[in-house]
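Start counting the sequence shown at 1; every next residue gets the next number (UniProt numbering).
Yeah, the Cβ is synthetic: ideal placement off N, Cα and C, and Gly gets one too.
The structure presented is a predicted model; accordingly, all values stated were derived computationally and were not measured.
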Amino acid sequence: MKNRVAKSAMSDSLGNGRGDPTDAQIRLYERWAEGGLAVSIVGEVQGNPCFAEKPGNLVLRADSDLRRFRTLAHRGSANGAQLWLQLGHAGAMAHPPISDPKGPSALDIPGLICSALTRDELRALPSEFARTARLAMDLGFGGVQIHAAHGFLLSQFLSPLFNKRDDEYGGSITNRMRLLLDVVDEVRGAVGPGIPIAIKLNATDQLEGGLDRQDALAVIAALDGTAIDLIDISGGTYFPGARSASDSAGTGPYFLDFAEHARPLTRKPLMVTGGFKTLQHAADALARGNVDMVGLARALVLDPALPNGWRSGTGNDPKFPKFANPPEGGVTAWYTMRLTALGEDRAPSDSTELEASIREYEERDSDRISIWNARFRP
C-alpha cells in the first residue's frame, strides 16, 4: 500500500441496470485513484443477481461485459492505487422488485419478508463467492473484500436477530460464523496466496438483539487463524427503520474503541471505517497503534482528492453538510447523486435540499428495475 488511506465500500449505484459498469462509474474510481488514496473498494458486487441490494449493483459472472470490468480495473488503479471488489450478497435484505430475498431464517416483519436458505443453498454459497473472486483476479482487480457487515447475508448469519437456525449454522457464535469461515477458505483457494483478501465486519449491529461486541470479538479471534489479509471494522445494519452509522451526528471515528479490544486478538492488519472527518482524526487513530488503515467514504465524496491534499499539506478537511430532520434514506440519496456528478465530471450542487436528490435517486432506480428484470428475470 502506498499509504494508509482507503476508500471504503459504498453502494455507489452506478451500474447500468444490467450489472455492468458505466462510464461514470469508471471515471469515478479513476478520480479517486488520481486523488492519492491507496485502495478503493467497489461496493456490493454480486455473483448472483437473484440477491442484489439495488438495481445499480454490479454483477460479475462469465456472461457479464468483461471488457468494461477490465476497463474499470485498469483505470481505477491509476496513480499506484489498488482497486478491490467487495463480494456481496444481500440475503434477506435483497431488493424485492429485482430479487428473491432469502436469509438465514424466514422473517415476516414490517418492511422485511424473506424465506430461509436451505442447507443445499448454503453449501453452494462459498463456491459462488470463490468464482466471483477468481474472475475479479483474472480481470486485473488488485484484491477482494468479503462483505460480512451492515446486515448483508454473511452479517445476517452472524447476527442472532436474523439467524434463528437450529442446525450447524445457527445457535452459538461458533456455528453462526461457520458460513463466513467457509467462504474465506474457498475464496483463498480460488485466488491463491498472492491476492489480498479483506473482510468487512460489524463491531455491532446497533440493534437490540443483534450482534454484540463479545461475539464480534470472537469472530475477530477466529479470523486470525485464516488467510484473511485485512479486517475492516464497521457497524450498523440497513434494517428497515434503523438509523445507519454513517448518518450519525458524531464528531469523530465510531469504532476505535472496538479496534482497541480487537488488537490483542489478532495479528491481522485492522482498518476502521466510519466517522473520519479530518486529517487529525486519521493521524490520531494511526498513532494509537490499534489501527493500520483508515477507511473514508463520505469524506471522499466531498473531496475525491483529499489524500493528495492531506499529504502535501495544501488541502483542507472536507466541510460536511448539515441536514435538518432528513427523511429515511435522504442523506444516502444526496451522497449517491453527488457520486454521479463526480463520475460525470460535473460540479456537484452544494444545496442541502434533499427532495430533489431523493426524487432523482428513486426515478433512476425505477428505470433500472425494468432493465434489471429484463436482463436477469425474463
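With fewer than 16 other CB atoms across the displayed protein chains lying within 10 angstroms of its CB, Arg288 is exposed. Measuring C-alpha to C-alpha distances from Thr118 to each of Glu128, Asp215, Ala106 identifies Ala106 as the nearest. In the structure shown, Gln206 falls within a coil segment according to DSSP collapsed to helix, strand and coil.
Distances from the CA of Asp182 to each of Gly171, Leu265, Thr273, Ala222 were compared; the closest alpha carbon is that of Ala222. Each of Thr226, Leu306, Gln156, Ala297 was checked against the Cα of Tyr238, and the nearest Cα belongs to Gln156. The shortest C-alpha to C-alpha distance from Glu363 to any of Ser13, Val191, Asn3, Ala136 is the one to Ser13. For Ile369, the secondary structure class from DSSP, reduced to helix, strand or coil, is helix. For Asp185, the enclosing alpha helix (DSSP H) begins and ends at 178–191. Taking a cut-off of 8 angstroms on C-beta distances, the segment 93–113 does not touch the segment 21–36, as fewer than three cross pairs fall below it.
For Val219, no beta strand (DSSP E) run applies; the uninterrupted alpha helix (DSSP H) run containing it begins and ends at 213–223, by DSSP.
Under the three-state reduction of DSSP output, Pro49 falls in the helix class. Between the segment 297–311 and the segment 261–279 there are three or more inter-stretch CB-CB distances shorter than 8 angstroms, so the stretches are counted as touching. Judged by their CB atoms, Asn48 and Val39 are not nearer to each other than the 9 angstroms cut-off.
Secondary-structure assignment with DSSP links Ala198 through a beta bridge to Gln145, Leu230.
Beyond the five residues adjoining it in sequence on each side, Tyr335 comes within less than 7 angstroms, by CB distance, of Arg298, Val301 in the same chain, given in chain order.
Setting aside the 5 residues that flank it on each side, Phe323 is surrounded in the same chain by Gly330, Val331, Trp334, Thr352, Leu354, each with a C-beta closer than 8 angstroms to its C-beta; the list follows chain order. Residues Ser13, Lys54, Pro55, Gly56 of the same chain have their beta carbon placed closer than 8 angstroms to that of Asp365, with the five preceding and five following residues left out of the count. A straight-line Cα-Cα distance of about 19 angstroms links Gly151 and Val144.
Judged by DSSP secondary structure, Ile26 falls within the alpha helix (DSSP H) whose first and last residues are 23–34. The criterion of a C-beta distance shorter than 9 angstroms is not satisfied by Leu306 and Val291. Around the beta carbon of Arg377, fewer than 16 other beta carbons lie within 10 angstroms, which makes this residue exposed. Under DSSP, the beta-bridge partners assigned to His150 are Thr237. Here Thr273 is bridged, per DSSP, to Gly295. DSSP, reduced to helix, strand and coil, places Leu87 within a strand of the structure shown. Looking at the DSSP output, Gln82 sits in a beta bridge with Val39. In the DSSP annotation of this structure, the continuous segment of the alpha helix (DSSP H) that includes Leu286 starts and ends at 279–288. Here DSSP, grouped into helix, strand and coil, assigns Asp166 to coil. Of the other Cβ atoms in all chains shown, 16 or more fall within 10 Å of the Cβ of Ala198; this residue is therefore buried. In the assembly as shown, Gly313 is an exposed residue. Its beta-carbon has fewer than 16 other beta-carbons within 10 Å.
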